[in-house]
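Step one of this worksheet: look at the structure below.
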Amino acid sequence: MNQLALLVALPLITAFLLPVVNRVSTLAARWLGPLVLLVTSAIGISLWSQLGDSAVAVELGGFRPPLGITLYADRLALLFALATSIGTLLLWPSRGEEWLRQSTLALILAASGSGLALSGDLFNIYVFYELVAVVSYGLIAARSSAGSFAATVRYLIVSSFGAALALTGIALVYQATGTLNLAQLSQLAPTHLNNLQGLAAFVLMLIGFGVKAELFPVNTWVPEVYATAPTRVSGLLAGVVSKLALLIIVRLLVLVFNQPEALTVMLVLGMLGVVTGELAAWRARDFNRMIAYSSIGQLGIMFIAFSIPGQAGVFAGLAVALHHLVVKPAMFLLAGRWQGSLDRLAGAARTSPLGAVLFILLALSLIGVPPLPGFWAKLLVMVNLMAQENTLYSVGAWVIMGGAALEANYLFRVASSFYHRSEQQTPPVAHRTRDLATASLLGAGLVAGAVLIMPLADEIEGVASQAANRDQYVQTVNPEALP
Amino acid sequence: MTPLDQLLALSALTVVAVWLIGNRQVTGWNATILYAAQGVLLMMMSDLGYGEVQSIASSLTFKVLGHGLHWRFDGLSWFFALITIGAAFLASWFASGEWGQRYRAAGGSLRLFHVALALNVFSMLVLLASGDLLSLFIGWELVSWASFLIMALGSATATRYAMRYVTYAFAGAMAVLMALVMVYTRSGSFEFQDFRDAVPAMSSGSLWMIVILFVAGFGVKMALIPFHLWQAKAYAETPGPGAAFLGAISSRMGLFALVVVLVQLVGVERLADLQLVFPFFSARDLLSWLAVLTLIFATFTALRQHDARRLLAWHGIGQGGYMLLGVLIADDLGSAGGLMHVFNHATYQAVLFMTVTAVIHRTGTSDLNKLGGLVTRMPLSFVAMLIGIIGLAGLPPMNGFVSKWLLYRALIIDGSPLLFLGSVVGTLGTILSVYKLIHNTFLGQLRLEHVEVEEAPSSMIWPMMILSTIVFVTGYFPGLVLDWVASAQAAVGLPVLAHNLGGVPSHKGGLDMIWVVSVLLAGFGIGALVFFSGGRSKRVHQLDNYAGGHFLTAETRYQYSDNFYPGLMHLIGPWYRKSFRWLERGFVSTVDTLSQAMQGFYRVVHPSFYLLVAVVSALTWVVAR
Amino acid sequence: MPDTGLLLYGGAFGLILIGIAGIVLSAHLVRIIFAVALLEAGANLLLLLATWHQGAAAPIIVAGRVPDLMADPVPQALVLTAIVIGVGILALALSLALRVQRAYGTLDMHEVRRHMEQDIADEAGIDMPSSSHAPAAVQTARQESGA
Amino acid sequence: MQRLSSALFLLGLGLLIAAIFRGMEFGTVAPIVGQAINSAAAEQVGAANFVTAVVLGYRGFDTLLELTILFTAATAGGMVLGKRSPTAKRDPDAGFILQAGADLLFPLLVIVGLYIILHGHLTPGGGFQGGVILASAFFVPILARPGTRMSHTAVSTIEGLAGASFIFIGLLAMFGGEAFLTPLMGQGELGALLSAGSLPVLYLAVGLKVGSELAGLLAQLSESEAVD
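Residue numbers (numbering that gives the first Met the number 0), protein chains in the order written: chain A, 0 to 482; chain B, 0 to 624; chain C, 0 to 146; chain D, 0 to 227.
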């Protein structure tokens, strides 16, 4: 199980060496990155198959927790680490002038994303989070347009602001407990963090890590960044990175901050996210910003779902998150040739019939039409929200419902314009084969998910029950009891 | 494989087969044959229709997230399925001949059309077969999106109206989902039985909420007021045979779902117990009045239309009111009337849509102000429309009379004079507007440009004739249909109507259509005898316009067909204008304003304001702790 | 708790306050970037103070002598890391600011945002968002109600 | 309005922070991890400077990531700043005194930098501090002669290899069956220059990496500046 560290170390060492390799052979440098990601994905899959219901902890540097840094892998963490590797592989930057730097950054993103999912140390999570942030600045700015620089710098400010708040939160936690190991924090939390200071620390970290998870007040960067970044990068950010940030928040919630107030804060912010995101998307007039706003709404649904206490919440949120993880990158891949004004899309089905069908499939699943997986995820969330017998949670269910109704309107307004026969205007050019192939792969995954919903649901429920299991986490990491 | 499995499998196969055959003339014929085969399979389940078997289950079951999903057919499903497959069979037949050639030549894809139609049939069968709330919802969504597909096939205008439909329909579906979830939290499962058991324990507030959500969701499909705005235009823009199919059965799916939920599961008595603010106005009254208002409003809106398709589509909305009203009366007569009306309405609505499509096919227009005098050109179509409108108006000897008679009778027995009055007003409006329809199309002055018009092709005439015959025969022998209706009543737990071949045996005043029609026919026969035996007047050519000492040329429009019923229009006009549009428009502009404000948050307004709000609220919270 | 501690904590929170205020209230990009740096400094200071003890010795063994009360080395290492991270981000932020200034000729964030909106709108082929543009659905609704 | 809302905002924020501050209890919690490390570091890692023991030993993974952040920032910065056009105008060279001073400073700075790096496990200082001094050693001559250019090839090779060697040392431990980044080569005598196993090697890698990274970033900034 020591290979766990390879998921981080391998892409990282490749990234460091890529400029050097490029000097020897450009061809090797081009293929090295995808190859290494393939290898890490294979390692991840083999670890997954070994893992089963158990979890493993790797003590980096050979130091017992809580002294050293621990990597913790249960199926949830491994799943997201794997998703990062595979997602980066699928959305590998297209060849351009800056391909070398972009490949380097993409490799680091894969490494840091996996690390973020696996890390079991609060400060280490912060460092990984910052790493992901810096990588994404580089990837967003890769388009080298004035707009993308401005968007990046605005994103950078919000993100650094959030990261500094998260660091403040970490300082508060360390001040209260004297440790950073999540397992030990989990042990100490009931006595040390169940107070105003703990709540403040959580809210600070929620806002800090929420920047990447498109949490309501700190998501102003989303529309402009997704409108200016390369579409593949947008797909990665919206699809994968946002889920990683969410994963951290969920870990913190499950292990450390299980106070009802913390859940309430998340619920309210999630609802605001759904309301603002879906409403803003309704009026968006270009494709990228439409799906950007819509992803704010979707992430809001995840926050609402994760705010349900107990295993049910983890299960519901995880289902929505995994669904979104498949759908959103595919949407952004379609945006590759469809970005720009929605009016330009009239008749797009003529030049890209497969793309149009894919969009409709994705949209149907996104708004939750049975029997696609999106429906089951939504049903799960709604049922569990209503089961709370609590007004605020019921309001959450209503908000999700209203959001979906709005979303159906704006998504299908676009979808039906694909089939308009407009004489005066030429439809957009066909999609790049690679984009379309990747999007089709994801779409096929969605259909497969609909067909195999029964085993899939069981599997996800297993993952969620493991993720919600505090005792297993603590026992697996087994931090030494210190005076 | 149970018979139900076979039916569903064949229905799914039809979709695939039609897709594979592609955009060819032969597609329609193949589809027609496949629908006939589906009809045969359905007939093999006819024990359901005659109440000899309670239900036939599908062997297909799933368990997703701990919720069971299963499907079965009972008397009610069988009854609706019969109408569905019959309508699809005839619509597909209608679409297979010259209509299909023309459609394909105009750039339409017959593959898409027939796939959409087959998908509609399949999804409706799935919905009808649903055996629990979750499969009901899944079937519901399938039906919604399938009809979106067929509606969006037409021009850009059609897509726009279909878009409007999908907005309403999905919002409605979300309401249904919400209701489902609320039921789930109270009954612990999505099973029908658990819901039924949980109803008595539910508080009246939550039951109100659930009923309203269900009605809002399913009412969208039935175009119940105030969710009706989408339907007429969307149906009118649907390709002709598609409109006939949708008009015949699609909206009735909403009725089916409402019957299952409100009658079978909640129970009409419980609805009558659910009081609003006034102690004498219950949920049942509310729904009944919604039904009657829909009837009146839609019928008089139909009266105002000058496009034949829209006129019919509005009538489709209005007639739905009768059905719901009948079911809500919930005694043996009323519910039989409501359910039988589903069948009757499907037959004459289909024949009327087909006639109009045939007229469009020959003349190129459905504008009632640009037609007239076609009776000599298209006599068979005229006969079909005549039978259709007599049925629609609810006059003997057609089947529409039987269902309305049952309904009125039930309303009188039930002691609801105001509802009765409302229904009669609706019927009056119907009679006025169907007269306008047939007059402006077939009677009156022939337009010169239509002198060369021929009778509709045989591929259109045959389905029309078959349907007309059904309209007449089931009016003559209503017992044929009442058998099925009775087992449908039994399936949802309503009191079963005692009936015989001619109608209702005399209990509280019976009805025997065999007598009624025979007497009527005899009267007609005597009249005809007198007419033909008497001296004949001179036969004048239709274009011979000598009148009142004046010679008029054939171009002169001496008989106006527009501006029908001006006095009545003047009277009711102010009540109608934009009344419900305001609601929709107000909603849309509210969303628009909010959307603008939200975009403002994301792009324009300085963040300090929002942070201020956040900080202050956090502070209050901290201090309050 | 001696007054030094209160002062230090107050300083840390003060830096955080000034940092947030600077980010939210200033419009000049470089000022905002330095406000972020201040905020980070405040957070670092707070982290360093988390297990602070008056009079604790540096956690270094010089010539084999072990001090009685050694400071906690962990926050020091953490802060070292955080500072380096901050430096990297600061450098990147400043290079971005450089490019933004070159592209738009201004560092005022309101101006920058306006230019950026314009760029995005131009590229997308839409007008700058303003209240006079309603999406298709609204127009449809208006037409319908007018008709 | 703007001013008022700003003032209100600051007031609210201040009150909020004060409320949290008031609720905090200082110094009540013992730094359990810190104390444990203070008592075990000499034995487990063998570095006299416990901060170094934490930076490279207990939390060596953080340090690796930190290096990666610097590397990423430099890579991204390179992408943002773009290539320098060869015809660009550049500042004139500085006068004799500055040039001579820079030449004199260069070896001194290199030596000081290396010293600080190599004694990082014994005294305050280490790879980061030394690396910054190394970077300045290479940057001072550029300030004196803006025309000269740093060899990007050399810089990127050094940064790549230095970073890779850090990971490689970590991986070596893995091949030996230990966890990733476990310190190798024993611990030696506490306080001696050659002690604490592979820590000085790691710090050398860190120093080189930080130095080349910062030098690269600064060079890029200065070259980019010259484009105008």
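Every residue gets a Cβ at the ideal spot worked out from N, C-alpha and C, and that includes glycine.
Note that the structure is a prediction, hence the values are computed from the model and not measured.
For this session: Have a look at the DSSP bridge pairing and note the partners of residue 118 of chain A.
Result: In the first sequence, the residue the question calls residue 118 of chain A occupies position 119. Beta-bridge pairing links residue 118 of chain A to A:70.
For this session: Can you tell me the Cβ-Cβ gap for residue 95 of chain C and residue 152 of chain A, rounded? I've got them flagged as a contact below 8 Å.
Result: Within the third sequence, numbered from 1, the residue matching residue 95 of chain C stands at position 96. Within the first sequence, numbered from 1, the residue matching residue 152 of chain A stands at position 153. Contact flag correct, Cβ pair sits at about 4 Å.
Exercise. How about residue 205 of chain B: is its Cβ closer than 7 Å to a heavy atom in the ligand NAP?
Worked result: Within the structure as shown, the ligand NAP is missing, as the structure has no ligands at all.
Exercise. Taking residue 572 of chain B as the reference, which of B:416, B:303, B:595, B:252 has the closest Cα?
Worked result: Position 573 of the second sequence, counting from 1, holds the residue named residue 572 of chain B. The shortest C-alpha separation from residue 572 of chain B is found at B:303.
Problem set entry | Stretch-stretch touch, CB-based, cutoff 8 Å, three pairs: the region 216-236 of chain B with the region 157-173 of chain B | yes
Exercise. Would you say residue 12 of chain D reaches chain C, if we count a Cβ-Cβ gap shorter than 8 Å as a contact?
Worked result: Here the question's residue 12 of chain D lines up with position 13 in the fourth sequence. Yes, contact with chain C.
For this session: For residue 3 of chain B, name the three-state secondary structure that DSSP assigns.
Result: As a first step, residue 3 of chain B is located in the second sequence; it is residue number 4 there, counting from the start. The answer is helix: DSSP assigns residue 3 of chain B an H, G or I state.
For this session: Please list, in chain order, all residues of the same chain as residue 169 of chain B whose beta carbon is under 8 Å from its beta carbon, the five residues on each side excluded.
Result: To locate residue 169 of chain B, count along the second sequence from 1; it is residue 170. So the list reads 143, once near-sequence residues are dropped.
Problem set entry | Residue range of the unbroken beta strand (DSSP E) whose run includes residue 217 of chain A | As a working note, residue 217 of chain A is residue 218 in the first sequence. Unbroken run through residue 217 of chain A: none, as it is neither H nor E.
Problem set entry | Contact set between residue 76 of chain C and chain D, taken where Cβ atoms lie within less than 7 Å | Position 77 of the third sequence, counting from 1, holds the residue named residue 76 of chain C. Near residue 76 of chain C (Cβ distances below 7 Å), the residues of chain D are 50, 53, 54, 58.
Problem set entry | Boundaries (first-last residue) of the alpha helix (DSSP H) holding residue 236 of chain B | For the purposes of this step, residue 236 of chain B is taken as residue 237 along the second sequence, with counting starting at 1. From DSSP, the alpha helix (DSSP H) with residue 236 of chain B extends over 230-236.
Exercise. How big is the Cα-Cα spacing for residue 42 of chain D and residue 192 of chain D?
Worked result: Counting from 1 along the fourth sequence, the entry for residue 42 of chain D is found at position 43. Counting from 1 along the fourth sequence, the entry for residue 192 of chain D is found at position 193. So the two alpha carbons sit approximately 16 Å from each other.
For this session: Starting from the Cα of residue 165 of chain B, find the closest Cα among B:105, B:123, B:230 and give me that residue.
Result: Residue mapping note: residue 165 of chain B aligns to position 166 of the second sequence, counting from 1. Per the Cα distances, B:230.
Exercise. Excluding sequence positions up to five away, which residues of its chain have a Cβ less than 7 Å from the Cβ of residue 252 of chain B?
Worked result: Position 253 of the second sequence, counted from the first residue, corresponds to residue 252 of chain B. Result list for residue 252 of chain B: 123, 126, 142, 220, in chain order.
For this session: Could you work out which residue in C:44, C:42, C:73 is closest to residue 57 of chain C when comparing CA atoms only?
Result: Locating residue 57 of chain C in the third sequence gives position 58, where the first residue counts as 1. Ranking the options by Cα distance to residue 57 of chain C, first place goes to C:73.
For this session: Could you tell me whether the Cβ of residue 5 of chain D comes closer than 8 Å to any Cβ of chain A?
Result: To locate residue 5 of chain D, count along the fourth sequence from 1; it is residue 6. Chain A contact via Cβ: absent.
For this session: Classify residue 175 of chain B as buried or exposed, calling it buried when 16 or more other Cβ atoms lie within 10 Å of its own Cβ.
Result: Taking the second sequence and counting its residues from 1, the one referred to as residue 175 of chain B is at position 176. Residue 175 of chain B is buried by the Cβ-count criterion.
Problem set entry | Distance, residue 480 of chain B Cα to residue 461 of chain B Cα | Position 462 of the second sequence holds residue 461 of chain B. Position 481 of the second sequence holds residue 480 of chain B. Straight-line Cα distance between these residues: approximately 22 Å.
Exercise. Whose CA, out of B:482, B:490, B:132, B:492, lies closest to the CA of residue 503 of chain B?
Worked result: By one-based count along the second sequence, residue 503 of chain B stands at place 504. Nearest C-alpha to residue 503 of chain B: B:482.
For this session: Determine, using beta carbons only, whether residue 58 of chain B and residue 1 of chain B come nearer to each other than 8 Å.
Result: Here the question's residue 58 of chain B lines up with position 59 in the second sequence. Here the question's residue 1 of chain B lines up with position 2 in the second sequence. Cβ distance < 8 Å, so residue 58 of chain B and residue 1 of chain B count as in contact.
For this session: Taking the CB atoms as reference points, tell me whether residue 294 of chain A and residue 327 of chain A lie closer together than 8 Å.
Result: Counting from one through the first sequence, the residue named residue 294 of chain A turns up at place 295. Counting from one through the first sequence, the residue named residue 327 of chain A turns up at place 328. Yes, Cβ-Cβ distance for residue 294 of chain A and residue 327 of chain A is below 8 Å.
For this session: Tell me where the beta strand (DSSP E) around residue 626 of chain B begins and ends.
Result: Outside the shown range of chain B (0 to 624) lies residue 626 of chain B, about which nothing can therefore be said.
For this session: Assuming residue 159 of chain D and residue 106 of chain A form a contact by the criterion Cβ under 8 Å, report the distance between their Cβ atoms to the nearest whole angstrom.
Result: By one-based count along the fourth sequence, residue 159 of chain D stands at place 160. By one-based count along the first sequence, residue 106 of chain A stands at place 107. Incorrect: roughly 12 Å between the Cβ atoms, too far for contact.
Problem set entry | Collapsed DSSP secondary structure at residue 502 of chain B in the structure displayed | Looking up residue 502 of chain B in the second sequence gives position 503. Three-state result, residue 502 of chain B: strand.
For this session: Leaving out five residues on either side along the sequence, give the residues of the same chain with a beta carbon under 6 Å from the beta carbon of residue 145 of chain B.
Result: The count along the second sequence starts at 1 and reaches residue 145 of chain B at position 146. Same-chain partners within the cutoff: 118, 119, 122.
Problem set entry | Closest residue to residue 189 of chain B among B:62, B:287, B:269 (Cα-Cα distance) | Taking the second sequence and counting its residues from 1, the one referred to as residue 189 of chain B is at position 190. Of the listed residues, the one whose Cα sits closest to residue 189 of chain B is B:62.
For this session: Return the chain-ordered list of same chain residues with a C-beta closer than 7 Å to the C-beta of residue 325 of chain A, the five sequence neighbours on each side being excluded.
Result: As a working note, residue 325 of chain A is residue 326 in the first sequence. Correct list, in chain order: 441, 444, 445.
Problem set entry | Identity of the residue in A:86, A:60, A:110, A:12 nearest residue 127 of chain A by Cα | Counting from one through the first sequence, the residue named residue 127 of chain A turns up at place 128. Of A:86, A:60, A:110, A:12, the residue nearest in Cα terms is A:110.
Exercise. In chain A, which residues lie with their C-beta within 8 Å of the C-beta of residue 67 of chain C?
Worked result: Your numbering for residue 67 of chain C matches position 68 in the third sequence. Going along chain A, no residue has its Cβ under 8 Å from residue 67 of chain C, so there is no contact; the nearest lies around 17 Å.
Exercise. Under a CB-based cut-off of 8 Å, is residue 225 of chain D close to chain C?
Worked result: Here the question's residue 225 of chain D lines up with position 226 in the fourth sequence. For residue 225 of chain D, the pLDDT reaches just 48, beneath the cut-off of 50, and the residue's location in the model is therefore unreliable, although a value from the coordinates is still provided. No, its Cβ sits nowhere closer than 8 Å to a Cβ of chain C.
Problem set entry | Neighbourhood of residue 188 of chain A by C-beta, 6 Å cutoff - its chain only, sequence neighbours within 5 removed | As a working mapping, residue 188 of chain A is identified with position 189 in the first sequence. Correct list, in chain order: 255.
Problem set entry | 8 Å Cβ cutoff met for residue 269 of chain A and residue 241 of chain A | Translated into the one-based positions of the first sequence, residue 269 of chain A becomes position 270. Translated into the one-based positions of the first sequence, residue 241 of chain A becomes position 242. No; because the gap between Cβ atoms is not below 8 Å, this pair is not in contact.
Exercise. DSSP three-state call for residue 241 of chain A: helix, strand or coil?
Worked result: Residue 241 of chain A sits at position 242 when you count from the first residue of the first sequence. It is helical.
For this session: May I ask you to report which of helix, strand or coil DSSP gives residue 476 of chain A?
Result: Reading the first sequence from its first residue, position 477 is the one you call residue 476 of chain A. DSSP places residue 476 of chain A in helix when its eight states are reduced to three.
Exercise. What residue from D:66, D:123, D:143 has the CA that sits closest to residue 102 of chain D's CA?
Worked result: Position 103 of the fourth sequence, counting from 1, holds the residue named residue 102 of chain D. If we check each option's Cα against that of residue 102 of chain D, D:143 comes out closest.
Problem set entry | Members of the region 272-291 of chain A that neighbour chain C once the beta carbon cut-off is set at 9 Å | 281, 282, 283, 284, 285, 286, 287, 288
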